[in-house]
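J.: Per our numbering: the sequence shown = residues 7 to 268.
Note that CB positions come from ideal geometry on N, CA and C, so glycine has one too.
Sharing a structure below in structure tokens format, with a few things to ask.
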Amino acid sequence: MGVREWQEAQQAQRQAEVDGQRAQTRVREAATRLVRLMWGACDPHLDGAALDGQPLVDDLSWDEFLVQVQGTLEQADAAWERRVLELSIPYQRALLDQLRQELELAEARRQRGFSLTAGASVKVPVSSGGAGQADFRAIVTASLDVSRLARLREEQAGLSLAAAEARVGQARLEALDAVARARFALQDAQFARDVAERGMRQAAEDLSFVQRRWEAGFAGPLELAEAELAVARAALELAKADVALREAWVALGVLLGVQLPE
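See below:
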């Protein structure tokens with residue numbers, strides 16, 4: 007080996023040491039981000055694991071919440087659908103509008119139809135000479151609105167009611183579709199979480215392999231640092247998948263009226 011080759015080898019070694027240090031820094035940065043996301047599930051001495059001196063720990067009763075959501079879905083469709091519609095504000099508003107249109111149609115029909123009123127009066131004269139003859143009167147009034155205006159009002163009220171009924175059906179469909187979309191989103195989130203978990207296991211196995219190569223002298227510090235960084239990244243992806251999965255459960259539970267975990 008000549009002097010030039012020796013100098014190039016030394017330069018390559020120094021560059022590898024610099025790259026290794028940078029990789030180690032990236033590992034620490036990734037671990038710090040992981041801590042902020044997993045509420046202290048990583049190294050406890052890293053910053054981000056506490057807020058105002060209190061450790062960030064996810065102590066919500068998730069298991070109980072998931073059981074309640076699953077139990078609700080296991081009920082008859084009519085049961086949980088009724089609950090979903092009771093909680094759907096657009097559906098309830100559509101129902102109120104339909105009721106208002108029904109009342110307006112009934113009023114329009116009443117005003118157009120035949121109406122009958124009756125009344126009576128009795129007049130008894132009073133005089134000093136004795137009792138006079140009583141005057142009795144009865145009045146019966148019948149009316150029938152045959153004008154075109156009343157008929158048009160009734161037709162308009164009928165059309166408004168039909169539109170209100172259509173809006174109720176649409177609101178019902180949208181409320182139930184929201185539950186269906188939430189269930190599909192939950193399935194997607196669960197699948198993504200399973201994939202992230204497999205990635206985490208694979209990264210851990212790769213790191214174990216690189217560590218054995220490192221101990222045997224076949225791997226450099228850069229390769230080891232990259233394997234450690236891959237583990238940190240995989241752990242970060244798994245934490246994100248966990249958060250997305252819980253958000254999907256919460257979204258579905260809210261639609262079903264399940265109380266959030268405390």
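1) Could you tell me the alpha carbon to alpha carbon distance between residue 241 and residue 266, rounded to whole angstroms?
2) Check residue 226 in the structure and name its three-state DSSP category.
3) Just curious, the alpha helix (DSSP H) that residue 264 is in, first and last residue?
4) Helix, strand or coil for residue 195, going by three-state DSSP, please let me know.
5) In three-state terms, what does DSSP make of residue 82?
6) Inspect the beta-carbon positions of residue 172 and residue 96 and report whether they are closer than 9 Å.
7) Rounded to a whole number of angstroms, what is the C-alpha to C-alpha distance between residue 81 and residue 174?
8) Would the beta-carbon of residue 160 fall within 9 Å of that of residue 106?
9) Among 164, 169, 101, which has the Cα closest to the Cα of residue 110?
10) Which whole-angstrom value is the C-beta distance of residue 86 and residue 78, which I expect to be below 8 Å?
11) Determine the direct distance from the alpha carbon of residue 155 to that of residue 264, and round the result to whole angstroms.
12) How close, in whole Å, do the beta carbons of residue 90 and residue 262 come, if the pair is a contact with beta carbons under 8 Å?
T.: In short:
1) Indexing the sequence shown from 1 puts residue 241 at position 235. Indexing the sequence shown from 1 puts residue 266 at position 260. Roughly 27 Å separates the two Cα atoms.
2) Here residue 226 refers to the residue found at position 220 when the sequence shown is read from its first residue. Reduced to three states, the DSSP call for residue 226 is coil.
3) Here the question's residue 264 lines up with position 258 in the sequence shown. That residue, residue 264, is in no alpha helix (DSSP H); it is neither H nor E in DSSP.
4) Position 189 of the sequence shown, counted from the first residue, corresponds to residue 195. Note: residue 195 maps to helix in three-state DSSP.
5) The residue you call residue 82 lines up with position 76 of the sequence shown. Reduced to three states, the DSSP call for residue 82 is coil.
6) Stepping through the sequence shown from its first residue, residue 172 is reached at position 166. Stepping through the sequence shown from its first residue, residue 96 is reached at position 90. No.
7) In the sequence shown, residue 81 corresponds to position 75, counting from 1. In the sequence shown, residue 174 corresponds to position 168, counting from 1. Rounded to the nearest angstrom, the two C-alpha atoms are 24 Å apart.
8) Stepping through the sequence shown from its first residue, residue 160 is reached at position 154. Stepping through the sequence shown from its first residue, residue 106 is reached at position 100. No.
9) By one-based count along the sequence shown, residue 110 stands at place 104. Taking only the C-alpha atoms, the option nearest residue 110 is 164.
10) As a first step, residue 86 must be located in the sequence shown, where it is residue number 80. As a first step, residue 78 must be located in the sequence shown, where it is residue number 72. Going by Cβ atoms, the distance from residue 86 to residue 78 rounds to 5 Å, so yes, they are a contact pair.
11) Taking the sequence shown and counting its residues from 1, the one referred to as residue 264 is at position 258. Taking the sequence shown and counting its residues from 1, the one referred to as residue 155 is at position 149. The alpha-carbon atoms of residue 264 and residue 155 are separated by roughly 51 Å.
12) The residue labelled residue 90 in the question sits at position 84 within the sequence shown. The residue labelled residue 262 in the question sits at position 256 within the sequence shown. Contact flag correct, Cβ pair sits at about 6 Å.
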